[in-house]
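The sequence shown begins at 306 in our numbering and counts up one residue at a time.
Notes follow once the structure below has been shown.
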Amino acid sequence: MYIRENIRNIESDVNKITKLRRAFSKIMDRLDNQGYAYIANHHGWLDGLCPHGPETDAQGNIIHNFLPWHRAYILKLEKLLQQVESDVSLPWWDWRSKRSRVEGIPKALSDTKTDNKLNPLNKFHMNIRGNDKEGNRVNINRDTFRSTGDVLDLGNRQGMLKFNQQDVPELYRLSDFRQFSERLRIGWHNFIHVWVGGDMSAVQTAAYDPIFYFHHCNVDRIWAIWQTIHGIDSVPPNMRDVILQPFKMTVMEVLDINSLGYEYASSTTN
306 MYIRENIRNI
316 ESDVNKITKL
326 RRAFSKIMDR
336 LDNQGYAYIA
346 NHHGWLDGLC
356 PHGPETDAQG
366 NIIHNFLPWH
376 RAYILKLEKL
386 LQQVESDVSL
396 PWWDWRSKRS
406 RVEGIPKALS
416 DTKTDNKLNP
426 LNKFHMNIRG
436 NDKEGNRVNI
446 NRDTFRSTGD
456 VLDLGNRQGM
466 LKFNQQDVPE
476 LYRLSDFRQF
486 SERLRIGWHN
496 FIHVWVGGDM
506 SAVQTAAYDP
516 IFYFHHCNVD
526 RIWAIWQTIH
536 GIDSVPPNMR
546 DVILQPFKMT
556 VMEVLDINSL
566 GYEYASSTTN
């Protein structure tokens, strides 16, 4: 059982942060189907497989696969990291924390260099050539970049969401999975993508920026906490057998994080 921790708690642990960086660096160097770029392609260029908003299945039922798909997605990345460092797990970045409202992005993710080497948790060199799923030619050869907003915007966003009864504590009170998923996606999730800015603000390039996975790990943690309140399998019945591509796992198979081999260091509802 792997324990996913808060990135701020491990960035001062030399052993843990060194292993995490080494694992990211190693998979970023790979050009095969075990490499970082290959995984990032699932989300944007070139595969475009990520479901964000609600979709309609063949029977006309509305399905909300945003949370299940991303759970399978970041788990796949975590498994690749563990092939390099067996005891590494994917940390989360809590953008609602007091420290984030003061400091913004954690130093582990924002420092451009560490020990006179490029920090693999800060950016990734995209070298993408091919056709996307619409047949459009893609040719990108550059580093990912961010255009992060004012740190005060994090506190302002939290205040606005709280005022509208849509901050995370209010979301935990929702018993309907569809409402919970959509409000989390539209509220905090979308805002953080735009606030980090740069490549994170575009679906096609977001997953190439390493911060994407720490952001979505926190989204997954919030869902896991919601599940402890409302039940592990609290999803509409028509969703349970939906296959999450390209992972060949059903929604039902990703509902229990313990069966997937991980849990979160903090289960407090914040």
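Glycine included, C-beta positions come from ideal geometry on N, C-alpha and C.
- [ ] Measure from the C-beta of Tyr-569 to each C-beta in chain D and report whether the shortest distance is under 8 Å.
- [x] No chain D appears in the structure shown, which is made up of a single protein chain.
Task: Pick from Asp-337, Leu-372, Glu-439, Asp-455 that is closest to His-581, judged by C-alpha positions - done: Any question about residue 581 goes unanswered here, given that the chain covers just 306 to 575.
Open item on the list: Using only the alpha-carbon positions, how far apart do Glu-487 and Ile-332 sit?
Closed with: Counting from one through the sequence shown, the residue named residue 487 turns up at place 182. Counting from one through the sequence shown, the residue named residue 332 turns up at place 27. So the two alpha carbons sit approximately 32 Å from each other.
Task: C-beta contact flag for Tyr-513 and Leu-382 at 8 Å - done: Counting from 1 along the sequence shown, the entry for residue 513 is found at position 208. Counting from 1 along the sequence shown, the entry for residue 382 is found at position 77. No, they are not a contact pair.
Task: Residues that DSSP places opposite Asp-448 in a beta bridge - done: Along the sequence shown, one-based indexing puts residue 448 at 143. The partner list for Asp-448 (beta bridge, DSSP) reads His-430.
Task: Span separating the alpha-carbon of Asp-504 from that of Ile-527 - done: Locating residue 504 in the sequence shown gives position 199, where the first residue counts as 1. Locating residue 527 in the sequence shown gives position 222, where the first residue counts as 1. Computed Cα separation, rounded: 24 Å.
Task: Rounded distance between the beta-carbons of Asn-432 and Ser-415, thought under 8 Å - done: The residue you call residue 415 lines up with position 110 of the sequence shown. The residue you call residue 432 lines up with position 127 of the sequence shown. 23 Å between Cβ atoms; not a contact.
- [ ] Starting from the C-beta of His-535, find all residues in its chain whose C-beta is less than 6 Å away, skip the five residues before and the five after it, and write them out in chain order.
- [x] In the sequence shown, residue 535 corresponds to position 230, counting from 1. So the list reads Ser-480, once near-sequence residues are dropped.
Open item on the list: Below 8 Å on the Cβ atoms is my contact criterion, and I expect Ile-379 with Asp-525 to pass it. Report the Cβ-Cβ distance as a whole number of Å.
Closed with: What you label residue 379 is simply residue 74 of the sequence shown in a count that begins at 1. What you label residue 525 is simply residue 220 of the sequence shown in a count that begins at 1. Between Asp-525 and Ile-379 the Cβ distance is about 6 Å, and since that is below 8 Å, they are a contact.
Open item on the list: Is the separation between the beta-carbon of Asp-437 and that of Leu-351 shorter than 8 Å?
Closed with: Counting from 1 along the sequence shown, the entry for residue 437 is found at position 132. Counting from 1 along the sequence shown, the entry for residue 351 is found at position 46. Yes.
TODO: Quick one: measure Cβ to Cβ for Ala-529 and Ile-562, integer angstroms, because I've assumed they're closer than 8 Å.
DONE: Taking the sequence shown and counting its residues from 1, one reaches residue 529 at position 224. Taking the sequence shown and counting its residues from 1, one reaches residue 562 at position 257. Confirmed, Cβ separation roughly 5 Å.
Task: Identity of the residues DSSP links to Arg-436 by a beta bridge - done: Position 131 of the sequence shown, counted from the start, is the residue given in the question as residue 436. It is worth fixing the name first, because residue 436 is Asn in this sequence and not Arg. Beta-bridge pairing links Asn-436 to Arg-442.
Task: Euclidean distance between Cα positions of Gly-569 and Asn-366 - done: Here residue 569 refers to the residue found at position 264 of the sequence shown. Here residue 366 refers to the residue found at position 61 of the sequence shown. For clarity, residue 569 is Tyr in the given sequence; the question names Gly instead. Rounded to whole angstroms, Tyr-569 and Asn-366 show a C-alpha spacing of 32 Å.
Task: Alpha-carbon to alpha-carbon, Asp-337 and Pro-551 - done: Numbered from 1 along the sequence shown, position 246 holds the residue referred to as residue 551. Numbered from 1 along the sequence shown, position 32 holds the residue referred to as residue 337. Taking the straight line joining both Cα atoms gives about 16 Å.
Open item on the list: Spatial neighbours of Glu-390 within its chain, please: C-beta separation below 7 Å, excluding the five flanking residues on both sides.
Closed with: Position 85 of the sequence shown, counted from the start, is the residue given in the question as residue 390. The residues are Lys-324, Arg-327, Ala-328.
Open item on the list: Mapping the DSSP letters down to three states, classify Ile-548 as helix, strand or coil.
Closed with: Taking the first residue of the sequence shown as position 1, residue 548 is located at position 243. Of the three classes helix, strand and coil, the one that applies to Ile-548 here is strand, per DSSP.
Open item on the list: Counting C-beta neighbours from all protein chains within 10 Å, is the total for Asn-320 16 or more, i.e. buried, or is it exposed?
Closed with: The residue given as residue 320 occupies position 15 in the sequence shown. Asn-320 comes out exposed.
Open item on the list: By DSSP's criteria, Tyr-569 is part of a beta bridge. Which residues make up the other side?
Closed with: Translated into positions along the sequence shown, residue 569 becomes position 264. Paired residues: Arg-309.
- [ ] Could you check which residue in Ile-344, Ala-363, Leu-476, Phe-482 has the C-alpha nearest to that of Trp-493?
- [x] For this step, residue 493 is matched to residue 188 along the sequence shown. Minimum Cα distance to Trp-493 is reached at Leu-476.
Open item on the list: For Lys-553, report the span of its alpha helix (DSSP H) as first-last.
Closed with: As a working note, residue 553 is residue 248 in the sequence shown. Run containing Lys-553: none; DSSP gives neither H nor E here.
- [ ] Note down, one range per segment and in chain order, each alpha helix (DSSP H) of at least 4 residues found wholly within the stretch 449-487.
- [x] 457-468, 473-476
Task: Spatial neighbours of Arg-404 in its chain, beta-carbon cut-off 7 Å, leaving aside the 5 residues before and after - done: Walking along the sequence shown from the start, residue 404 turns up at place 99. For Arg-404, where only same-chain residues beyond five positions count, the Cβ hits under 7 Å are Arg-313.
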